[in-house]
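Worksheet: the structure to be examined is printed underneath.
Chains as they are written, first to last, in the UniProt record's numbering: chain Y, 1 to 241; chain S, 1 to 287.
Quick look at the structure:
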């Protein structure tokens, strides 16, 4: 199948190095301490953060840092063909783990000992890149909850099809069987905190693809920063400052 | 769960006694309602509804299937509700399952009539493509995104909005198939059929706190309830379903009183929902 046509356009009309449209909204869940909706094209996720609060299960309490927990769930209607999935299947457990580890890395957990932070992400529409979208949504939700963080982690994926590196794969491109590199970075300190790839790729191509994904992450970081700034301005305005 | 101090509990109960609730509403007033339709592009129909801080999404997906052998002239409808942990940490893991099942069953009972399919909110025989062979199966999924009480009413309204947003593709059945053969079908991507949703009932839940009952309770108010009665009422004023929750017993005369109050309130609610739904549809068309 042809994923990049001779004019250099992809199936959804994007250029190889073009990202899908980003949209973010802070404060979607009234009762949560922090929440955000993050959209990358047709992929749409909601993240909600509860905490820091008292540890619910005493045996899990950590005396010198906060306990971070994460649950990933997909809505029944999120995929093209409707399927009723059992909760806690292997895929969602793995993604929960990935998100938890990535977020734990950037939260200053040592400032909140003996407490618990819960991150819940819910996929409303899945069109490739849910992992990245979830991490970006979680970052915004954590920032909205006012939880101290080292940096704003952002994530983006890139792939390699028709011997062209492609940024931010959608579902059709993702299921084409090519490599899918998901990267998460701390943009300020320029460090990679998450790196996952399936399928195989020559080393020198891999570097290009990964570099592309890192560039994508940085673009998302800029966008997230703008959204947060705008939100802070709104809050300031409402307080009449 | 809601943790309230003794003072807060007294405040909520006192407010309800004096017909002035904590958020300034009267006992029979709803919070502001807003509806958006077509929020899930891959579904046949969808809607998001907000009632105060409660937010739910309903989606309708249609798939071709075989009708039940006992009812060859009727399509099938299944309602599932999921409570996302995003709405409440309590719903984490399997924690939301009990409530999800309770809500699914209550909705099925209130909107889709009995086992025979009689009294359903939508005309099930309109889902038939070829009698006894092919019909549309409707899967209605509800998702609770933010919970601040009154989930059943919100889900009922969301499903009503999603159904009126639903377009089912027109299907051509190839002639010539005879006997037990499954006929070939041609699904149109251009022509869509709409449902007649004027018969879909609304659900009004009356929550009894102390000696009075209130509509559209928030989760703080729900934590103080002794029992709640959900009545589903159609536009004509017919009672389509009834369920009672909570442990306290109710006097039969109180129940019939509650039903007549619910009927009165449902008239306003139906009008409010209809105008919101048509406004949402108009908004969607403009986009």
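Heads up, the beta-carbon is just placed ideally off N, CA and C, and yes, glycines get one too.
Given the structure is predicted, the values throughout are model-derived calculations rather than measurements.
- Burial state of residue 252 of chain S (16 or more Cβ within 10 Å): Looking at its Cβ environment, which holds fewer than 16 other Cβ atoms inside 10 Å, residue 252 of chain S is exposed.
- Message: Can you tell me which residues form a DSSP beta bridge with residue 244 of chain S?
- Response: Residue 244 of chain S is bridged to S:229.
- Host alpha helix (DSSP H) of residue 7 of chain S (start-end): 6–17 is the span of the alpha helix (DSSP H), which, as asked, contains residue 7 of chain S.
- Message: Contact defined as beta carbons within less than 8 Å: I believe residue 240 of chain S pairs with residue 232 of chain S. What is the distance between those atoms, to the nearest angstrom?
- Response: Distance from residue 240 of chain S to residue 232 of chain S at the Cβ level is roughly 5 Å; contact confirmed, criterion being Cβ atoms closer than 8 Å.
- How would you write the range of the alpha helix (DSSP H) that residue 180 of chain Y sits in, first residue to last? From DSSP, residue 180 of chain Y is part of no alpha helix (DSSP H) but of the beta strand (DSSP E) over 180–186.
- In chain order, what residues of the same chain have a beta carbon less than 6 Å from the beta carbon of residue 172 of chain S, not counting five sequence neighbours either side? Residues 186 of the same chain have their beta carbon placed closer than 6 Å to that of residue 172 of chain S, with the five preceding and five following residues left out of the count.
- Beta-carbon proximity of residue 24 of chain Y to residue 140 of chain Y, cut-off 9 Å: For the 9 Å CB-CB criterion, residue 24 of chain Y and residue 140 of chain Y form a contact.
- Task: Would you decide whether residue 87 of chain S is buried or exposed? Buried here means 16 or more other CB atoms lie within 10 Å of its CB.
- Result: Buried: at least 16 other Cβ atoms inside 10 Å.
- Task: Would you kindly work out how many angstroms separate the C-alpha atoms of residue 142 of chain Y and residue 201 of chain Y, rounded to a whole number?
- Result: So the alpha carbons of these two residues sit roughly 35 Å apart.
- Report the neighbours of residue 292 of chain S on chain Y: residues whose CB is nearer than 9 Å to its CB, in chain order. Outside the displayed range of chain S (1 to 287) lies residue 292 of chain S, so it cannot be described from this structure.
- Query: For residue 79 of chain S, which option in S:120, S:93, S:85, S:67 has the closest C-alpha, if you only look at C-alpha atoms?
  - Reply: The shortest Cα separation from residue 79 of chain S among S:120, S:93, S:85, S:67 belongs to S:120.
- Task: Establish whether the CB of residue 76 of chain Y and some CB of chain S are separated by less than 9 Å.
- Result: Interface with chain S (9 Å Cβ-Cβ cutoff): residue 76 of chain Y is included.
- Query: Using a Cβ-Cβ distance under 9 Å, would residue 267 of chain S count as near chain Y?
  - Reply: Chain Y contact via Cβ: absent.
- Item | Where residue 6 of chain Y falls, given that 16 or more other Cβ within 10 Å makes a residue buried | Label assigned to residue 6 of chain Y: exposed.
- Item | Secondary structure of residue 90 of chain Y, DSSP reduced to three states | Here residue 90 of chain Y carries a helix assignment [DSSP, helix/strand/coil].
- Task: Evaluate the contact criterion for the segment 61–72 of chain S versus the segment 135–148 of chain S: three or more CB pairs, one atom per stretch, below 8 Å.
- Result: Contact holds: three or more Cβ-Cβ distances are below 8 Å.
- Task: With a threshold of 16 other CB atoms inside 10 Å of the CB of residue 105 of chain S, please say whether the residue is buried or exposed.
- Result: Counting other Cβ atoms within 10 Å of its Cβ, residue 105 of chain S stays below 16 and is therefore classed as exposed.
- Message: Along the segment 163–176 of chain S, where does the CB come closer than 7 Å to a CB of chain Y? Name the residues.
- Response: Listed in chain order, the positions of the segment 163–176 of chain S with a beta carbon within less than 7 Å of a beta carbon of chain Y would be empty, since no residue qualifies.
- Task: Measure the beta-carbon distance from residue 98 of chain Y to residue 58 of chain Y and round it to whole angstroms, keeping in mind my assumption that it falls under 8 Å.
- Result: Between residue 98 of chain Y and residue 58 of chain Y a beta carbon distance of about 27 Å is seen, past the 8 Å cut, so the two are scored as non-contacting.
- Contiguous alpha helix (DSSP H) assignments of at least 4 residues, all confined to the UniProt domain "Exoribonuclease phosphorolytic" (30–169) of chain S: Correct list: 97–111, 151–165.
- What distance in whole Å lies between the Cβ atoms of residue 151 of chain Y and residue 246 of chain Y, which are believed to be in contact at a cut-off of 8 Å? As shown, chain Y starts at 1 and ends at 241. That puts residue 246 of chain Y outside it, with no answer to give.
- Message: Assuming contact is defined by CB atoms lying nearer than 9 Å, are residue 266 of chain S and residue 204 of chain S in contact in what I supplied?
- Response: In contact: residue 266 of chain S and residue 204 of chain S (Cβ atoms closer than 9 Å).
- Where in the segment 118–185 of chain Y do unbroken runs of the alpha helix (DSSP H), each at least 4 residues long, occur, reported from the N-terminal end onward? DSSP runs (the alpha helix (DSSP H)) wholly in the segment 118–185 of chain Y: 130–144, 171–174.
- Query: Exposed or buried, residue 61 of chain S, counting other C-beta atoms within 10 Å across all chains shown (16 or more means buried)?
  - Reply: Residue burial is scored here from C-beta neighbours: residue 61 of chain S has at least 16 other C-beta atoms within 10 angstroms and is therefore classed as buried.
- Inspect the beta-carbon positions of residue 50 of chain Y and residue 32 of chain Y and report whether they are closer than 9 Å. In terms of Cβ geometry, residue 50 of chain Y and residue 32 of chain Y form a close pair [threshold 9 Å].
- Under 9 Å, do residue 94 of chain Y and residue 153 of chain Y count as touching if we go by C-beta distance? The answer is no: Cβ separation not under 9 Å.
- Item | CA nearest to the CA of residue 1 of chain Y, picked from Y:17, Y:221, Y:162 | Out of Y:17, Y:221, Y:162, Y:162 has the C-alpha closest to the C-alpha of residue 1 of chain Y.
- Query: Roughly how far, in whole angstroms, is the beta-carbon of residue 96 of chain Y from the beta-carbon of residue 125 of chain Y, given that I think they are within contact range, below 8 Å?
  - Reply: Between residue 125 of chain Y and residue 96 of chain Y the Cβ distance is about 19 Å, and since that is not below 8 Å, they are no contact.
- Item | Rounded separation between residue 237 of chain S and residue 158 of chain S - CA only | Roughly 20 Å between the two C-alpha positions.
- Task: Find the residues of chain S that neighbour residue 30 of chain Y, judging by a C-beta separation of less than 9 Å, and give them in chain order.
- Result: Neighbours of residue 30 of chain Y across chain S, judged by C-beta separation under 9 Å: 52, 53, 54, 55, 146, 148.
- Task: On a CA-only basis, which of Y:107, Y:55, Y:72, Y:169 is nearest residue 17 of chain Y? Give me that one, please.
- Result: Cα-wise, what sits closest to residue 17 of chain Y is Y:169.
- Using the beta-carbon of each residue, which ones in chain Y are nearer than 7 Å to residue 139 of chain S? Residue 139 of chain S reaches chain Y at 82, counting residues in chain order whose Cβ is nearer than 7 Å.
- Message: Taking only three categories from DSSP, how would you classify residue 102 of chain Y?
- Response: Three-state DSSP puts residue 102 of chain Y in a helix.
- Would you verify that the beta carbon of residue 88 of chain S is, or is not, closer than 9 Å to some beta carbon of chain Y? Residue 88 of chain S counts as touching chain Y.
- Helix, strand or coil at residue 58 of chain Y according to DSSP, with G and I counted as helix: Helix.
- Quick one: what does DSSP say residue 52 of chain Y is sitting in, helix, strand or coil? Strand, per DSSP.
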